[in-house]
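Chains as they are written, first to last, in my numbering: chain A, 184 to 296; chain B, 4 to 119. Ideal Cβ placement from N, Cα and C applies to all residues, glycine included.
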Amino acid sequence: KAGVTQTPRYLIKTRGQQVTLSCSPISGHRSVSWYQQTPGQGLQFLFEYFSETQRNKGNFPGRFSGRQFSNSRSEMNVSTLELGDSALYLCASSVGQGAPGYTFGSGTRLTVV
Amino acid sequence: AQKVTQAQTEISVVEKEDVTLDCVYETRDTTYYLFWYKQPPSGELVFLIRRNSFDEQNEISGRYSWNFQKSTSSFNFTITASQVVDSAVYFCALSGLHTGGFKTIFGAGTRLFVKA
Numbered sequence: 184k185a186g187v188t189q190t191p192r193y194l195i196k197t198r199g200q201q202v203t204l205s206c207s208p209i210s211g212h213r214s215v216s217w218y219q220q221t222p223g224q225g226l227q228f229l230f231e232y233f234s235e236t237q238r239n240k241g242n243f244p245g246r247f248s249g250r251q252f253s254n255s256r257s258e259m260n261v262s263t264l265e266l267g268d269s270a271l272y273l274c275a276s277s278v279g280q281g282a283p284g285y286t287f288g289s290g291t292r293l294t295v296v
Numbered sequence: 004a005q006k007v008t009q010a011q012t013e014i015s016v017v018e019k020e021d022v023t024l025d026c027v028y029e030t031r032d033t034t035y036y037l038f039w040y041k042q043p044p045s046g047e048l049v050f051l052i053r054r055n056s057f058d059e060q061n062e063i064s065g066r067y068s069w070n071f072q073k074s075t076s077s078f079n080f081t082i083t084a085s086q087v088v089d090s091a092v093y094f095c096a097l098s099g100l101h102t103g104g105f106k107t108i109f110g111a112g113t114r115l116f117v118k119a
């Protein structure tokens with residue numbers, strides 16, 4: 184059974200650009216959550232999608248957005264990148280909406296220069 | 004408000020020692036879940052255990068054991084006879100049921116070094 188797949192693994196972008204990250208959940212999982220991990224702030228919840236609808240959102244500016252497709256794959260987008268957006272972005276999937284049984288992907292490491 | 008405190012930033016032990024990682028949480032929710040995750044250098048968060056707020060039974064899985072005490076709002080994790088492969092960052096997390104679903108917050112993590 185394939186795990187949670189995140190692409191790309193590494194990304195370097197320039198300040199002001201935008202970026203799109205992709206997450207394919209485990210087959211049969213309908214919930215996808217996104218987290219940002221930085222040395223200073225730790226792991227912070229970005230948002231959760233279930234059945235193509237955003238169910239929960241963390242305290243991030245509107246530059247951070249996401250969506251989920253009918254096959255449960257999810258993308259997150261960050262517009263007008265800032266240096267502080269450099270982080271490891273982790274995606275997690277679970278069978279149903281909410282917390283129980285998260286399975287995480289390996290993450291996308293974004294560097295903004 | 005929810006909060007997870009992992010007071011130990013780093014712990015260093017010698018192989019075969021037992022080590023306990025502390026986790027204290029705060030929540031007003033009556034329904035919540037507690038988790039432990041391991042993050043090795045590769046970066047992926049590995050799920051170790053989930054406990055719901057109505058199940059205070061302690062659990063043992065091989066060399067790992069967890070002690071959940073609602074009276075002290077703690078969910079501590081013990082590794083018995085530690086091994087070098089246990090070296091990683093360990094995160095405690097809390098998911099509370101809010102309007103719209105669960106929200107999960109993580110502690111700051113405890114970095115464990117196991118020396119041969």
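Contact check, residue i vs residue j, beta carbons under 9 Å
{"i": "F287 of chain A", "j": "V187 of chain A", "result": "yes"}
{"i": "K73 of chain B", "j": "Q5 of chain B", "result": "no"}
{"i": "V278 of chain A", "j": "Q251 of chain A", "result": "no"}
{"i": "A119 of chain B", "j": "F109 of chain B", "result": "no"}
{"i": "T181 of chain A", "j": "P191 of chain A", "result": "As shown, chain A starts at 184 and ends at 296. That puts residue 181 of chain A outside it, with no answer to give."}
{"i": "L100 of chain B", "j": "D58 of chain B", "result": "no"}
{"i": "A111 of chain B", "j": "T23 of chain B", "result": "no"}
{"i": "Y36 of chain B", "j": "Y93 of chain B", "result": "no"}
Distance between residue j and residue i (C-alpha atoms, nearest Å)
{"i": "L271 of chain A", "j": "L229 of chain A", "result": "12 Å"}
{"i": "V295 of chain A", "j": "S76 of chain B", "result": "39 Å"}
{"i": "S205 of chain A", "j": "D25 of chain B", "result": "34 Å"}
{"i": "N61 of chain B", "j": "R53 of chain B", "result": "11 Å"}
{"i": "Y232 of chain A", "j": "E29 of chain B", "result": "25 Å"}
{"i": "H212 of chain A", "j": "S276 of chain A", "result": "6 Å"}
{"i": "N239 of chain A", "j": "S207 of chain A", "result": "19 Å"}
{"i": "G241 of chain A", "j": "L226 of chain A", "result": "11 Å"}
{"i": "T34 of chain B", "j": "S98 of chain B", "result": "9 Å"}
{"i": "S234 of chain A", "j": "V117 of chain B", "result": "42 Å"}
{"i": "R246 of chain A", "j": "G267 of chain A", "result": "13 Å"}
Beta-ladder partner(s) of residue i, from DSSP
{"i": "K106 of chain B", "result": "B:G99"}
{"i": "Y40 of chain B", "result": "B:F50, B:F94"}
{"i": "C274 of chain A", "result": "A:W217"}
{"i": "V249 of chain A", "result": "Looking at the sequence provided, one finds Gly at residue 249 of chain A rather than Val. Partner(s): A:M259."}
{"i": "Q237 of chain A", "result": "A:Y232"}
Chain C within 9 Å of residue i, Cβ atoms only
{"i": "Y67 of chain B", "result": "Included in the structure are the protein chains A and B, with no chain C among them."}
**Request:** Determine contact between the stretch 249-256 of chain A and the stretch 14-21 of chain B, defined as no fewer than three beta-carbon pairs at a distance below 8 Å.
**Result:** no
**Prompt:** Is there contact here, the stretch 213-224 of chain A with the stretch 194-201 of chain A, by at least three beta-carbon pairs under 8 Å?
**Reply:** no
**Asked** Is the stretch 76-87 of chain B touching the stretch 50-68 of chain B, taking contact as three or more C-beta pairs under 8 Å?
**Response** yes
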